[in-house]
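One line per chain: the protein sequences are A and B, in this order.
Read in numbering that gives the first Met the number 0, the first sequence has 3 at position 4, and its numbers run on one by one without any break.
Read in numbering that gives the first Met the number 0, the second sequence has 26 at position 27, and its numbers run on one by one without any break.
So the structure is just underneath, and the comments pick up after that.
Protein chains: 2
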Amino acid sequence: MQDNDPMAAPRSSLPAVPAPLEAGLGLRERKKIRTREAIRQATYRLVQEQGYDATTVEQIAEAAEVSPSTVFRYFPTKEDIILSDEYDPLLADAIRARPADEPPLVALRRAMTDVMRLLWEQVTEEVGVRLRLIRAVPQLRARMLEGMDTSTETLLPVLAERSGRPVDDFELRVVVGAVMGALMQALFDWVDRGGTDDLSETVDRALEVLERGLEL
Amino acid sequence: MQDNDPMAAPRSSLPAVPAPLEAGLGLRERKKIRTREAIRQATYRLVQEQGYDATTVEQIAEAAEVSPSTVFRYFPTKEDIILSDEYDPLLADAIRARPADEPPLVALRRAMTDVMRLLWEQVTEEVGVRLRLIRAVPQLRARMLEGMDTSTETLLPVLAERSGRPVDDFELRVVVGAVMGALMQALFDWVDRGGTDDLSETVDRALEVLERGLEL
DNA sequence: GAAAAAGTGGAAGTCACTCTCAAAAGATAG
DNA sequence: CTATCTTTTGAGAGTGACTTCCACTTTTTC
């Protein structure tokens, strides 16, 4: 029992992927995926019905038909049940996939809107629910912001490579920070506007503002 | 008993001011200030000795010679003992104090470096300790980021006025978000570099990058 | 089919945080 | 300066997230 936390969840700022295809996996793995999904579903349902704070882990456990201790085996914290996802590597790949002669910021923008579009197509509804929750519950907002910091660390090496700068370059870091900050506000603005129109377009507009040089 | 939480602490992303002058206040007020300061001091000391998680509120209460319930009367959460400050209004004023013909971003940069310089002169040591803690403890980092979001909301109306845009203007929001994101990474970079050189200069350099248009 | 590995539930414990209430201390009116 | 009113405090009893530990069951492996 080397690895006593075999299902630790990566953290980021975007919704979780839908259940991966249960292909060619042992019974154990399939069950794990289902349990994980059951907990997540139960959580979303209960939280929408009763609110985040009013929903206890015990209730979640009961609804997902597992014990409370199992809930914590799958997710390190209650917050993570809602916040965990695995989009950072997706975004990193999307950037790497852009033509090498594209300037870093443009590549980042295109990659990001691509990923957003994908997201939007796959899990439209959940994106809205999640972002609305995050906007409303301070604890979740704080944690999402931490996720953005994590994303920053993921993105740094990728953009360092593309721009030919060292990973710990001051300007690079500042620029990535600016992008994340801008992105966040764009997402919030989208939620405040009702969260109905195309998310990827909102993101694209935000990053365009940065490219044009932050004129006001 | 209208106001049952008379000492609620404003939140932001910068260190707390040193104990305000206890001028012409009743005994009651003076005691409150001292209690608040005692709690804060005790917390800083214990946290540096034992680490953040290892320090319980009970210990803090004991060291500050108050009851645990009193600690929570003064600070809404343990995190706030370290994070609470009142710098947002200071920054807002500093911006308003800039000449009206200065472009918004320039005014913001100058105001911010001014405030940072002031901070640096007044509470050099605490700034370092605080930022190092924030960098190291995930919970605090998350909460600080939430503080940046709060700061964003404070700054928005001020910059809206200066730029002649509505407060809910999309581009405005994105730009302020970008500034805060950049600022944060600049602070982290400063901590990582040892936190010894001039903080206001670091901040100034970061905002310069934004003004120049995020080239990489 | 038996041993090994992995996953689960249950119980007991810690700690942040809330609520309530009565006692203490400071402000205020006469 | 004393009686009263108001604010602040501490004590105690919760709640709920999270941890740790252990015995038990289920899958995998040989």
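Note that CB positions come from ideal geometry on N, CA and C, so glycine has one too.
Sequence-distant residues of the same chain with beta carbon closer than 8 Å to residue i, five excluded per side
| i | result |
| --- | --- |
| Leu132/B | Val46, Tyr51, Ile81, Leu139 |
| Leu155/B | Val166, Leu171, Arg172, Val175 |
| Val56/B | Pro67, Val70, Phe71, Lys77 |
| Ala110/B | Leu90, Ala93, Ile94, Ala96, Arg97 |
| Asp196/A | Trp189 |
| Arg211/B | none |
| Ala159/A | Pro165, Val166, Asp168, Leu171 |
| Leu107/A | Ile94, Leu154, Leu158, Val178, Leu206 |
| Leu24/B | Ile32 |
| Arg134/A | Arg140, Phe187, Val190, Asp191 |
Exposed unless 16 or more other CB atoms sit within 10 angstroms - verdict on residue i
| i | result |
| --- | --- |
| Asp2/B | Confidence is the limiting factor: at Asp2/B the pLDDT is only 39, short of 50, which leaves the residue's position unreliable, though a coordinate-based value still follows. It counts as exposed. |
| Leu206/B | buried |
| Asp84/B | buried |
| Leu186/B | buried |
| Arg35/A | buried |
| Arg33/A | exposed |
| Leu26/A | exposed |
| Arg29/B | exposed |
| Met0/A | Note that Met0/A has pLDDT 36, beneath the 50 cutoff, so the model's placement of it is unreliable and no number is given. |
| Asp148/A | buried |
Proximity to residue i [Cα-Cα], best of the options
| i | options | result |
| --- | --- | --- |
| Glu64/A | Tyr86/A, Arg39/A, Lys77/A, Thr76/A | Arg39/A |
| Gln121/A | Glu28/A, Leu206/A, Leu198/A, Glu61/A | Leu198/A |
| Gly146/A | Thr195/A, Leu182/A, Thr201/A, Glu200/A | Leu182/A |
| Val136/B | Arg33/B, Thr201/B, Ala53/B | Ala53/B |
| Pro103/A | Ile59/A, Asp168/A, Ile32/A, Arg161/A | Arg161/A |
| Asp191/A | Arg33/B, Asp191/B, Leu26/B, Asp168/B | Asp168/B |
| Leu118/A | Arg27/A, Gly25/A, Glu200/A, Lys31/A | Glu200/A |
| Lys31/B | Arg44/B, Glu61/B, Tyr73/B | Tyr73/B |
| Gly163/B | Glu101/B, Pro75/B, Glu125/B, Glu61/B | Glu101/B |
| Arg44/A | Leu24/A, Pro75/A, Glu125/A, Asp148/A | Glu125/A |
| Asp152/A | Gln184/B, Glu152/B, Asp148/B, Thr153/B | According to the sequence displayed, residue 152/A carries Glu and not Asp. For the residues Gln184/B, Glu152/B, Asp148/B, Thr153/B, the minimum Cα distance to Glu152/A belongs to Gln184/B. |
CB contact flag (residue i, residue j, <7 Å)
| i | j | result |
| --- | --- | --- |
| Val114/B | Leu90/B | yes |
| Asp203/B | Thr123/B | no |
| Glu48/B | Arg142/B | no |
| Leu209/A | Leu213/B | yes |
| Asp87/B | Ser150/B | yes |
| Gly180/A | Ala99/B | no |
| Gly127/B | Gly193/B | no |
Close Cβ partners of residue i (< 6 Å) along its chain, the five nearest in sequence each way excluded
| i | result |
| --- | --- |
| Ala37/B | Ala63 |
| Thr42/B | Ile59, Ile80 |
| Val157/B | Ala91, Ile94 |
| Pro9/A | No answer about Pro9/A holds up, because its pLDDT of 45 lies below 50 and its placement is not dependable. |
| Val105/B | none |
Heavy atom of the ligand MG within 6 Å of residue i beta-carbon
| i | result |
| --- | --- |
| Thr54/B | Absence of the ligand MG from the depicted structure is noted, as is the absence of any ligand whatsoever, leaving it without description. |
Contacts around residue i, its chain only, beta-carbon distance under 7 Å, and the 5 residues preceding and following it disregarded
| i | result |
| --- | --- |
| Arg116/B | Ser199 |
(request) Could you please tell me which residues of the stretch 149-161 of chain A, in chain order, have their CB closer than 9 Å to any CB of chain B? (result) Here the close residues are Thr151, Leu158, Arg161.
(message) Please list, in chain order, the residues of the stretch 92-106 of chain A that have any C-beta partner in chain B closer than 8 Å.
(response) Flagged, chain order: Pro102, Pro103, Leu104.
(request) Quick one: which residues of the stretch 122-149 of chain B get their C-beta closer than 8 Å to a C-beta of chain A? List them in chain order. (result) Taking 8 Å as the Cβ-Cβ cut-off against chain A, the residues of the stretch 122-149 of chain B that qualify are Pro137, Arg140, Ala141, Arg142, Leu144, Glu145, Met147, Asp148.
(request) Using a Cβ-Cβ cut-off of less than 9 Å, list which residues of the stretch 174-186 of chain A approach chain B; keep chain order. (result) Contact residues of the stretch 174-186 of chain A toward chain B are Val174, Val175, Gly176, Ala177, Val178, Met179, Gly180, Ala181, Leu182, Met183, Gln184, Ala185 (C-beta to C-beta distance below 9 Å).
(request) Pull out every residue of the stretch 39-54 of chain A whose Cβ sits closer than 9 Å to any Cβ of chain B, in chain order. (result) Correct list: empty, as no residue qualifies.
(message) Give me the subset of the stretch 187-202 of chain B whose CB atoms are less than 7 Å from a CB atom of chain A, sorted by chain position.
(response) Going along the stretch 187-202 of chain B in chain order, one finds Asp188 with a Cβ nearer than 7 Å to chain A.
(message) Short of 9 Å Cβ to Cβ, which residues in the stretch 75-94 of chain A face chain B?
(response) The stretch 75-94 of chain A vs chain B, Cβ under 9 Å: nothing.
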